[in-house]
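Visitor: Quick one: the structure is below, and I'll ask about it shortly.
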Amino acid sequence: MRMGRTIPPAATPFSWGDILSGLKGWVKGNSELERFRGELKDYFRVKHCFFTSSGKAALTFILKALKDLYPDKDEVLIPAFTCYSVPAAITRAGLKVTLCDIASEGFDFDYKHLKRIISQPERIKKLLAIIPTHMFGVPSDIAKLKEITKQHKITIIEDAAQAMGGQIRNSKLGTLCDAGFFSLGRGKPFSTIEGGIVLTNDSVIAMRLKKAIDNLSPLSIPEILKLLIYSITLRIFLNPYLFWIPKSLPFLKLGETIFDPDFSINRYSSFQAGFSRSWSSRLDHMNTIRRNNTIFWMNSLKALSQIKMDGVVFIRLPLKLKNLKTRKMLMRISDEKGLGISETYPGAIESIKTLGLEDCHCPNAISTVKKLVTLPVHELLKNKDKESILKETIKLF
Ligand SMILES: *Cc1c(COP(=O)(O)O)cnc(C)c1O
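First residue of the sequence shown: 1, per this note's numbering; consecutive thereafter.
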């Protein structure tokens, strides 16, 4: 077990002042939520904005609204490599997961595979929604997806959980499709401890979302206190000199990914909204640092030089290694030295047994997962951390 400076793989640091501002928000109540909502609507230029307890809760609400609108469709198409929360939300909404492989380079759909799926009339009949995903912040090619699906009535839901503040050709990620969502969880581009945001210009979807979310009861005082304690714990232990402590406690399951459709769905609180004080300038600031660190990695590691950067903000920088063995070796070194190099998900989506997707074959997703690590790019990374990481990674190429 490592004791001593340990870099978190992704981090969205906040101050004691932000916690105080959360407490003020709690006192202010609804007006604090409306302030945040108004700012988001202005910034993203969307008609409707909703808050939920998490990104996966946001997706669940969108999907449930669509299920009501199109009761004879029950399949949702997602990339075969994505966050386990996505199939969890689909299952929670009572719908079926179907997979499209990712491209051999990058993380976007394999559009040939996607076209094959779309060309089958019996699949189209069942297909309720497609979820393009800006994985690690890299924009999915939404224009292409729209072109491919334009003859069909399929809703496109943008998974921008990892991409708040990113843009493509001057359009803000999260606003490009029928509905989009962000996560405000720990380690996402911007965080209010926990939370999720839905953006949409579709009034029919919005009406249903509003009804479902208004039906939730407000958080109880013990629930808010739990969030408060969690925020204080994070504030203390997100310090690289202390991060080894929570990392070494196995019951915290830090960084572990499990597939759990029984996640809690709650109302978003004004305490959380209070954390969003001057969120857009803080997000800008954090994203500028993430971008600068990314440029540093690209200049230092030849293996990364092919990455396109215009407008892209990486939340952590994906790096494909030669094979599984190299990845395991690098992970062992990173754990020993606290470098914050991280694996992504334990497997491709088809390897989640309970989903029963044994018949899906998405070779690119499987091979990507085996080789992939990410490098930290957040503001807690100091020059000497970068040097240590570089020393270990550069010899692998
Ligand atoms: C984190 C994440 C989610 C879910 O967000 P939570 O707030 O953790 O529920 C969904 N999709 C992607 C790609 C994510 O990274």
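Beta carbons are placed, not taken as given, at the ideal position from N, Cα and C, and that holds for glycine.
Quick check on Asp72: does DSSP put it in helix, strand or coil?
Guide: coil
Visitor: What is the DSSP secondary structure of Asp159, counted as helix, strand or coil?
Guide: strand
Visitor: Might you give, ordered along the chain, the residues of its own chain that have their beta carbon closer than 7 Å to the beta carbon of Leu114, omitting 5 neighbours on each side?
Guide: Cys100 and Ile148
Visitor: Among residues of its own chain, excluding the 5 on either side of Ser21, which ones have a beta-carbon nearer than 7 Å to its beta-carbon?
Guide: For Ser21, where only same-chain residues beyond five positions count, the Cβ hits under 7 Å are Gly274, Phe275 and Arg277.
Visitor: What do you get for Phe109, buried or exposed, if any count of 16 or more other CB atoms within 10 angstroms of its CB means buried?
Guide: buried
Visitor: Suppose only complete runs of 3+ residues qualify. What are the beta strand (DSSP E) ranges in the region 115-143, listed by chain order?
Guide: 127-130
Visitor: What whole-angstrom Cβ distance do Ala179 and Leu199 have, given they're in contact under 8 Å?
Guide: Between Ala179 and Leu199 a beta carbon distance of about 7 Å is seen, short of the 8 Å cut, so the two are scored as contacting.
Visitor: Since Pro363 is in the alpha helix (DSSP H), which residue starts that stretch and which ends it?
Guide: Pro363 to Lys371
Visitor: Confirm the yes/no value for this check: CB of Thr133, any heavy atom of ligand 1, distance under 7 Å.
Guide: yes
Visitor: CB of Thr344 to nearest heavy atom of ligand 1: below 7 Å?
Guide: The answer is no for Thr344.
Visitor: May I ask you to verify whether the region 65-85 touches the region 123-132, counting CB pairs closer than 8 Å and requiring at least 3?
Guide: yes
Visitor: Name, in chain order, the residues that DSSP records as bridge partners for Leu225.
Guide: Per DSSP, none; premise fails for Leu225.
Visitor: When DSSP labels each residue in this structure, what does Pro87 get in the three-state scheme?
Guide: helix
Visitor: Compute the minimum distance between the beta carbon of Cys83 and the heavy atoms of ligand 1, and state whether it is under 7 Å.
Guide: Yes, ligand 1 has a heavy atom inside 7 Å of this Cβ.
Visitor: Which word fits Phe397, buried or exposed, when buried means at least 16 other C-beta atoms lie within 10 angstroms of its C-beta?
Guide: exposed
Visitor: Looking at Leu319: is its Cβ nearer than 8 Å to the Cβ of Ala303?
Guide: yes
Visitor: I believe Leu95 touches Lys67 by the beta-carbon criterion, under 8 Å. Please report the beta-carbon distance rounded to the nearest angstrom.
Guide: 6 Å
Visitor: Span of the alpha helix (DSSP H) holding Gly38?
Guide: Gly38: member of the alpha helix (DSSP H) spanning Asn30 to Phe44, first to last residue.
Visitor: For ligand 1, I want to know if Ser10 counts as a neighbour, meaning its beta carbon is within less than 7 Å of at least one of the ligand's heavy atoms.
Guide: Note that residue 10 corresponds to Ala in the displayed sequence, not to Ser. Flag unset: Cβ of Ala10 not near ligand 1.
Visitor: Kindly indicate which residue of Asn364, Lys370, Arg2 and His378 has the alpha-carbon position closest to the one of Lys112.
Guide: When each option's Cα is compared against that of Lys112, the closest is Asn364.
Visitor: If you measure from the CB of Ala273, is any heavy atom of ligand 1 nearer than 7 Å?
Guide: no
Visitor: How far does the beta strand (DSSP E) with Lys320 in it reach, from first residue to last?
Guide: First-last of the beta strand (DSSP E) with Lys320: Leu317 to Lys320.
Visitor: Do you know offhand how far Leu90's Cα is from Pro71's?
Guide: Looking at the sequence itself, residue 90 is Ile, so the reference to Leu does not match. Rounded to the nearest whole angstrom, the CA to CA distance from Ile90 to Pro71 is 15 Å.
Visitor: For the beta strand (DSSP E) holding Lys96, just list the boundary residues, first then last.
Guide: Lys96 to Cys100
Visitor: Who does His48 pair with in a DSSP beta bridge?
Guide: Residue pairing from DSSP places His48 in a beta bridge opposite Thr200.
Visitor: Count the other CB atoms within 10 Å of the CB of Leu145; is the residue buried (16 or more) or exposed (fewer)?
Guide: buried
Visitor: Got a sec, what are the start and stop residues for the beta strand (DSSP E) Phe181 sits in?
Guide: Ala179 to Ser183
Visitor: Residues bridged to Ile148 by DSSP?
Guide: Paired residues: none, contrary to the question.
Visitor: Straight-line CA distance for Trp26 to Gly17?
Guide: Rounded to the nearest angstrom, the two C-alpha atoms are 14 Å apart.
Visitor: Take Gly38 as the anchor and find which of Ile118, Pro132, Ile102 and Trp279 has the nearest alpha-carbon.
Guide: Trp279
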